[in-house]
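Data block below; observations after.
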Amino acid sequence: MKSLALAFLLVAVPSAFGAQRTVDPTWLHRNIAHIPEKPADISTPSCHYKPVFGAGDSEKRIVRGVARFGEVTIDPSGHCKDASYSGEEQIYYILAGGGTLTYGEQKTPVKKDDFMYLPPQIRHGMANPSTSPLRFVVMGFNIPKTISVPAPPSQLQIANADDVKLEAVAGHPESTQYRLLLGGRKGTRDRLDCGIVVTSLFLMEFAPGGTNFPHHHDTAEEIYLVLDGHGDIAAGGGINGIEGLHPSGAGDAYFFRLNSTVGFYNRGKTKAHILAVRSWYPFPERDYQN
Numbered sequence: 008m009k010s011l012a013l014a015f016l017l018v019a020v021p022s023a024f025g026a027q028r029t030v031d032p033t034w035l036h037r038n039i040a041h042i043p044e045k046p047a048d049i050s051t052p053s054c055h056y057k058p059v060f061g062a063g064d065s066e067k068r069i070v071r072g073v074a075r076f077g078e079v080t081i082d083p084s085g086h087c088k089d090a091s092y093s094g095e096e097q098i099y100y101i102l103a104g105g106g107t108l109t110y111g112e113q114k115t116p117v118k119k120d121d122f123m124y125l126p127p128q129i130r131h132g133m134a135n136p137s138t139s140p141l142r143f144v145v146m147g148f149n150i151p152k153t154i155s156v157p158a159p160p161s162q163l164q165i166a167n168a169d170d171v172k173l174e175a176v177a178g179h180p181e182s183t184q185y186r187l188l189l190g191g192r193k194g195t196r197d198r199l200d201c202g203i204v205v206t207s208l209f210l211m212e213f214a215p216g217g218t219n220f221p222h223h224h225d226t227a228e229e230i231y232l233v234l235d236g237h238g239d240i241a242a243g244g245g246i247n248g249i250e251g252l253h254p255s256g257a258g259d260a261y262f263f264r265l266n267s268t269v270g271f272y273n274r275g276k277t278k279a280h281i282l283a284v285r286s287w288y289p290f291p292e293r294d295y296q297n
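One gets the numbering used here by counting positions in the sequence shown from 1 and adding 7 to each.
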C-alpha cells in the first residue's frame, strides 16, 4: 500500500505543477474599436485614452521594452494634460484631424499623417482648437537606467508621412513598399534619425495580393496597426506563418514578442496600409548606440 501511495504522489505532484504553469503568448491582438477608454496621466474630460498595449492594458507584463501604445482622441476645443518622462521616449502619429503640439515652450501646428519624436525629459502636450475630433497614436518606449539620456533637442523633430518616399526594402517582395519614417539616432536611411530604443517607425503599403513575407526578429519587439484594407496577419509559430494566420482589418493591432512570426498578406483588391514600429528588447547587455 505504501508503494502504491508513493507511486501516486510521484505522478500527481508533477501533474499539479504542470497545471499551474502558464506560458506567455508570443503575440497579442487588440481591436481599437472594442477597447474601452481608461484614465491615463494625460487624460482630461476632453482627452480620451484607449490603452492598446503596455500601460493600462491587462497584459502589460507581456511587453517589455514598450511602455505604452494607445490611441488618443481629443474633442473639439479640447486638450490633454502636458507630461514629461525621465526614462521614456515617445512618438506621436496623427491619424485624423489637426491640432497644436506643445514641445517645451514651442507650439507647433500638426495635421493628419504628421509624426513627431518626443525625447525623454521634454514636457509636451496636445490641444485641439478645431471643430473636429483629433485622433493620434501615442507610442512610448522604456529607456534602461544604464543608458545615458542625451539632452532633448531644442527644436521639435517632426515630418509628414506624405513627404517620405515609397521604396522597396531589401529582403522583402516589391509588392510591399515602405515609407521609412523614423530610425535610430545613428542611422541615415529614415526621415528622422533620433530613436534611442526605437529602431524603426515605418508605413507599409501592400499591393493587392502583396506580402512582406512572414519573418522573425530575435532582438526586437514590434507592433502593427492596420490603417486600412484587409488581409491575414501572420503571428506566432511557423517559419512562414502559415500555422498562425489571422484575418485582420482597419483598427486591428498586433504586438509581437521577439522571435514571434510577423507578417501580412493582403487579401483585398485594393491596397492595404499598416503603421509599424520596432524597438529593442531590453536585454541587460544590449548596446543601444543604434
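Note that CB positions come from ideal geometry on N, CA and C, so glycine has one too.
Residue(s) in a DSSP beta bridge with residue i
i	result
Phe262	Leu35 and Ile230
Phe122	Tyr100 and Ala166
Ser53	DSSP, once it has assigned bridges, lists no residue as partnering Ser53.
Val144	Glu78 and Tyr100
Leu210	Arg186 and Leu282
Val353	The structure shown does not extend to residue 353, since the chain is modelled only from 8 to 297, so the question has no answer here.
Ile42	Bridge partners of Ile42: none, in fact.
Beta-carbon spacing of residue i, residue j below 9 Å
i	j	result
Asp235	His280	yes
Leu210	Ala90	no
Leu232	Ser207	no
Arg198	Val171	yes
Gly104	Ser50	no
Ala227	Trp34	no
Thr109	Ile165	no
Ile98	Leu141	no
Gly190	Asn273	no
Lys278	Ala175	no
Phe122	Phe262	no
Euclidean distance between Cα positions of residue i and residue j
i	j	result
Met133	Pro52	14 Å
Asn266	Ile230	13 Å
His86	Ser65	26 Å
Thr195	Ile203	14 Å
Asn247	Thr107	Unreliable placement is indicated for Asn247, whose pLDDT of 48 sits below 50; the coordinate value is still reported in the next sentence. Near 43 Å, if we compare the C-alpha coordinates of Thr107 and Asn247.
Pro159	Gln128	7 Å
Gly256	Arg264	21 Å
Asn45	Ala62	Checking the sequence, you will find Lys at residue 45 rather than Asn. Those two C-alpha atoms are separated by around 10 Å.
Gly77	Ala47	10 Å
Pro221	Ile81	36 Å
Leu163	Val117	12 Å
Status (buried if at least 16 other CB within 10 Å, exposed otherwise) for residue i
i	result
Leu173	exposed
Gln113	exposed
Glu95	buried
Pro157	exposed
Arg37	buried
Decide yes or no for the touch test of the segment 135-153 against the segment 68-84: beta carbon pairs closer than 8 Å, at least 3 of them. Between the segment 135-153 and the segment 68-84 there are three or more inter-stretch CB-CB distances shorter than 8 Å, so the stretches are counted as touching.
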